[in-house]
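Report on the structure given below.
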Ligand code: DC
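In the numbering used here, the protein residues as written are 7 to 240.
This is the structure we're talking about:
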């Protein structure tokens with residue numbers, strides 16, 4: 007974020023629909039979209055499980071080799087995508103195991119510090135919607151417009167299950183809604199209880215409980231509130 011750029015933050019727990027909503031919100035407002043969960047997931051994929059054992063200095067040295075940027079399709083239209091070392095990551099970062107490792111690495115100081123600086127640098131370069139866990143509370147604490155989305159874990163698990171089924175995941179590869187809910191509760195606990203930048207709403211965030219709302223309804227609310235706030239911020 008700088009004098010010239012504008013940042014909207016969208017935080018919330020796993021499976022609340024943040025990515026889809028942040029992307030649509032960014033599109034609707036003509037801003038770039040920053041998926042900070044994808045940054046933690048890239049770190050997890052690039053560094054692997056063994057990074058959990060590294061001392062802070064060794065971990066920081068490994069992180070220095072990663073460079074994050076936002077790229078757009080060559081046509082110049084279409085969504086901005088996050089790239090790590092020049093490459094837009096694919097489905098390999100989306101699995102549950104990578105999410106769990108990302109969450110475990112996210113408690114480490116060097117990881118949080120490195121990614122916070124990278125996120126702030128992108129916020130100085132682009133007006134964007136930043137989606138994650140601590141965007142409004144820590145990384146972009148002075149953002150003009152902050153949202154925090156929440157939903158009942160059982161509802162989030164059911165949505166995730168439907169999404170996986172739609173993606174063609176089936177048979178033994180498709181966990182039951184109950185198993186997904188167990189994983190979601192475990193990750194919530196990890197993300198909310200860490201000492202550094204725990205998952206929590208910023209004091210000035212607009213909190214939206216999406217348990218009983220469809221995606222379109224939530225998006226309409228976010229767009230209307232963001233437009234009001236943006237007009238007041240300019
Ligand atoms: O949103 P996600 O599931 O892709 O994020 C993966 C993990 O990364 C999440 O469980 C915790 C961590 N994370 C974080 O600590 N801070 C962020 N701003 C974004 C993600």
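Cβ atoms here follow ideal geometry from the backbone N, Cα and C, with glycine treated the same way.
Three or more C-beta pairs below 8 Å linking the segment 85-93 and the segment 63-74: With the cut-off at 8 Å, the segment 85-93 and the segment 63-74 touch.
Cβ of residue 236 within 7 Å of any heavy atom in ligand 1? Not so, every heavy atom of ligand 1 lies at least 7 Å from the Cβ.
Using the rule of at least 16 other Cβ atoms within 10 Å of the residue's Cβ for burial, across every protein chain shown, is residue 125 buried or exposed? Residue burial annotation: residue 125 is buried, with at least 16 other C-beta atoms found within 10 angstroms of its C-beta.
Output needed for residue 157: all residues of its chain with C-beta closer than 6 Å, excluding positions within five of it in sequence on either side, in chain order. For residue 157, where only same-chain residues beyond five positions count, the Cβ hits under 6 Å are 22, 216, 217.
Which one of 67, 47, 151 has the shortest CA to CA distance from residue 97? The shortest C-alpha separation from residue 97 is found at 47.
Cβ atoms of residue 45 and residue 121: under 8 Å apart, would you say? Against a cut-off of 8 Å, the Cβ pair of residue 45 and residue 121 comes out as a contact.
Ligand 1 and residue 46: does the residue's C-beta get closer than 7 Å to at least one heavy atom of that ligand? Yes; taking the cut-off as 7 Å, the Cβ of residue 46 has a heavy atom of ligand 1 nearer than that.
Extent of the continuous alpha helix (DSSP H) to which residue 42 belongs: For residue 42, the enclosing alpha helix (DSSP H) stretches over residues 42-53.
Note down, one range per segment and in chain order, each beta strand (DSSP E) of at least 3 residues found wholly within the segment 17-99. Counting whole runs of 3 or more residues, the segment 17-99 contains the beta strand (DSSP E) stretches 38-41, 74-77, 87-90.
Rank 211, 239, 227, 221 by C-alpha distance to the C-alpha of residue 15 and give the top, closest one. Nearest Cα to residue 15 within the set 211, 239, 227, 221: 211.
With hydrogens ignored, establish whether the beta-carbon of residue 208 is closer than 7 Å to any heavy atom of ligand 1. Within the chosen limit of 7 Å, ligand 1 does not reach the beta carbon of residue 208 with any heavy atom.
Rounded to the nearest angstrom, what separates residue 35 and residue 224 at their Cα positions? Spanning the two alpha carbons is a distance of roughly 15 Å.
Neighbour-count burial assignment, residue 123, 16 or more Cβ in a 10 Å radius: Looking at its Cβ environment, which holds fewer than 16 other Cβ atoms inside 10 Å, residue 123 is exposed.
Would you mind sorting residue 168 into buried or exposed? The rule is 16 or more other CB atoms within 10 Å of its CB. With fewer than 16 other CB atoms across the displayed protein chains lying within 10 angstroms of its CB, residue 168 is exposed.
Among 150, 201, 139, which residue has its Cα nearest to the Cα of residue 133? Nearest option by C-alpha distance: 150.
Return yes when the C-beta of residue 42 is under 7 Å from any heavy atom of ligand 3, and no when it is not. Inclusion of ligand 3 in the displayed structure is not the case, the ligand content consisting of ligand 1 alone.
Counterpart residues of residue 186 in DSSP-defined beta bridges: Bridge partners of residue 186: none, in fact.
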